[in-house]
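Enquirer: If you want our numbering, it's the 1-based position in the sequence shown plus 9. Even for Gly, the Cβ is constructed at its ideal location relative to N, Cα and C. It should be emphasised that the depicted structure is a prediction, and the values quoted were computed from it without experimental measurement. Following this message is one structure expressed as structure tokens.
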Amino acid sequence: ADSLFCFVPRGKSAWSSRFFQTFFAGCIPIILNDLYEPPFGEIVDLSSAVVKWPMKEVPMLVEYLRQMRQDTPEIVIALQSSGKALRCWYAWPPSHIEWSWMEMNKSKFNATCSDWHLRNAYVAVTRVLSAKAARGRKRFFWPGATAQGLEHQGSLFNFSYR
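Structure, rendered in structure tokens:
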């Protein structure tokens, strides 16, 4: 792409394919959605590659981007470089059937993400879910539970409802 910055506006769903596409287009994603939290922020440093701009400040955005490009080109280069490093986290690995074709043809995907078997969306999802599973093993919850938990009285448990 010839664009330096790619806008990722709010859409109709909870996620946007535009966000993923910006990394492969080689531009810096500019997220225009106060509520959108890009995937995998738990395992990658998104602030090193992405600009998330507050919606109430959109009128100042173009001037900010112009000034950043003119006055601090090293920041622009760093954002692009980080985006290039992160893009493979947002690619799904090929299926088993496609694997042999890719290996045989050394496709664009292999050239773009040479270590895709270590950094890809499947690995990222697995890491995020395993961390949540580990945290979840030490928590207990039920409808009406309070921080005090259970009080044992005889053979009955009294639940503290709020």
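Quick one: what's PHE14 bridged to in DSSP?
Expert: Within the sequence shown, the letter at position 5 stands for residue 14. PHE14 pairs with ILE37.
Enquirer: Enumerate in chain order the residues of its own chain whose CB-to-CB distance from CYS122 is below 8 Å, with the five nearest sequence positions on each side excluded.
Expert: Against the sequence shown, residue 122 aligns to sequence position 113. Taken in chain order, the residues that qualify are ARG96, CYS97, ALA100, ARG128, ASN129.
Enquirer: Who are the near neighbours of ILE40 in its chain, counting only those whose CB is closer than 8 Å to its CB and skipping five residues on each side?
Expert: Here residue 40 refers to the residue found at position 31 of the sequence shown. Contacts found: VAL17, PHE28, PRO47, VAL59, VAL60, LYS61, TRP62.
Enquirer: For TYR45 and ALA120, I'd like the C-alpha separation in whole angstroms.
Expert: Taking the first residue of the sequence shown as 1, we reach residue 45 at position 36. Taking the first residue of the sequence shown as 1, we reach residue 120 at position 111. Roughly 30 Å between the two C-alpha positions.
Enquirer: With a threshold of 16 other CB atoms inside 10 Å of the CB of SER57, please say whether the residue is buried or exposed.
Expert: On the sequence shown, position 48 is the one that residue 57 refers to. It counts as exposed.
Enquirer: Can you list, in chain order, the residues of its chain with a C-beta nearer than 8 Å to that of ALA94? Leave out the 5 residues immediately preceding and following it.
Expert: Translated into positions along the sequence shown, residue 94 becomes position 85. Once the five neighbours on either side are set aside, the close Cβ partners of ALA94 are ALA58.
Enquirer: Relative to the C-alpha of ILE37, which candidate in LEU88, GLN76, ARG19 has its C-alpha closest?
Expert: Residue mapping note: residue 37 aligns to position 28 of the sequence shown, counting from 1. Among LEU88, GLN76, ARG19, the Cα nearest to that of ILE37 belongs to LEU88.
Enquirer: Might you give, ordered along the chain, the residues of its own chain that have their beta carbon closer than 8 Å to the beta carbon of GLY35, omitting 5 neighbours on each side?
Expert: Locating residue 35 in the sequence shown gives position 26, counting from the first residue. Correct list, in chain order: ALA10, GLN89, GLY92, LYS93.
Enquirer: Enumerate, from N- to C-terminal direction, the unbroken beta strand (DSSP E) stretches of 3 or more residues contained entirely within the stretch 24-85.
Expert: Listed in chain order, the complete beta strand (DSSP E) runs (minimum 3 residues) inside the stretch 24-85 are 37-41.
Enquirer: Do you know how far the Cα of PHE33 is from the Cα of VAL53?
Expert: Indexing the sequence shown from 1 puts residue 53 at position 44. Indexing the sequence shown from 1 puts residue 33 at position 24. One C-alpha to the other measures close to 17 Å.
Enquirer: Does the beta-carbon distance from LEU13 to ARG75 come in below 8 Å?
Expert: If you number the sequence shown from 1, residue 13 lands on position 4. If you number the sequence shown from 1, residue 75 lands on position 66. No; because the gap between Cβ atoms is not below 8 Å, this pair is not in contact.
Enquirer: Specify the secondary structure class of ALA100 as computed by DSSP and reduced to three states.
Expert: For the purposes of this step, residue 100 is taken as the residue at position 91 of the sequence shown. ALA100: coil per DSSP, three-state reduction.
Enquirer: Three-state secondary structure (DSSP) at ARG19?
Expert: For the purposes of this step, residue 19 is taken as residue 10 along the sequence shown, with counting starting at 1. If DSSP states are grouped into helix, strand and coil, ARG19 belongs with coil.
Enquirer: Alpha carbon to alpha carbon, how far is LYS65 from ARG19?
Expert: Counting from one through the sequence shown, the residue named residue 65 turns up at place 56. Counting from one through the sequence shown, the residue named residue 19 turns up at place 10. Rounded to whole angstroms, LYS65 to ARG19 spans 13 Å at the Cα level.
Enquirer: Leaving aside the five residues before and after VAL67 along the sequence, list all residues of the same chain whose C-beta is less than 7 Å from its C-beta, in chain order.
Expert: To locate residue 67, count along the sequence shown from 1; it is residue 58. Closer than 7 Å at the Cβ level, and outside the excluded window around VAL67, lie LEU41.
Enquirer: Can you check whether the CB of TYR73 is closer than 8 Å to the CB of PRO102?
Expert: Position 93 of the sequence shown holds residue 102. Position 64 of the sequence shown holds residue 73. PRO102 places its beta carbon 8 Å or farther from that of TYR73.
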